[in-house]
Every structure is written in structure tokens, then in C-alpha cells.
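Asker: Residue numbers (my numbering): 4 to 62.
The C-beta atom is built at its ideal place from N, Cα and C for all residues, glycine as well.
Given the structure is predicted, the values throughout are model-derived calculations rather than measurements.
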């Protein structure tokens, strides 16, 4: 995937006035609270999406 995934709001103040930050991929700046932050995928979890069976679950 070559396109940048954009956040919808600032994780600190909740405002939506975000712009890409000059430091690189995944970095954003908020014009409202004057903070810069970075979004980064750490990886996939090894435990997957399995669900433990619970007695009486009915599913």
C-alpha cells in the first residue's frame, strides 16, 4: 500500500485540523494544540482471532 493512511482526529485534543508533518511517513501535526505525533503499525499479533469456547455460550 503506497498511500498514506490519515487519522481522523488528534489523539491529544480531538480536533480534526491535521496536516502531514515534515519528519516523514506516519507523522502528523495538529494545528489546534500544536502537537506532532506519529502513527506506526507494530505488527500482527500471533494469537490471531480465535475465540475460546465458553460453557453455555450457545453459539
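Determine the burial state of residue 36: buried for a count of at least 16 other Cβ atoms within 10 Å of its Cβ, exposed for fewer.
Answerer: Residue numbering aside, residue 36 sits at position 33 when the chain shown is read from its first letter. So residue 36 counts as exposed.
Asker: Along the chain, where does the beta strand (DSSP E) containing residue 23 start, and where does it finish?
Answerer: The count along the chain shown starts at 1 and reaches residue 23 at position 20. Start and end: 21-23.
Asker: Do the CB positions of residue 28 and residue 39 come within less than 8 Å of each other?
Answerer: Residue numbering aside, residue 28 sits at position 25 when the chain shown is read from its first letter. Residue numbering aside, residue 39 sits at position 36 when the chain shown is read from its first letter. No.
Asker: Let me confirm a value: residue 33 is counted as buried when at least 16 other C-beta atoms fall within 10 Å, else exposed. Which label applies?
Answerer: As a first step, residue 33 must be located in the chain shown, where it is residue number 30. Buried: at least 16 other Cβ atoms inside 10 Å.
Asker: Helix or strand or just coil, what does DSSP make of residue 11?
Answerer: Along the chain shown, read from residue 1 onward, the residue named residue 11 stands at position 8. Residue 11 falls in the coil class under three-state DSSP.
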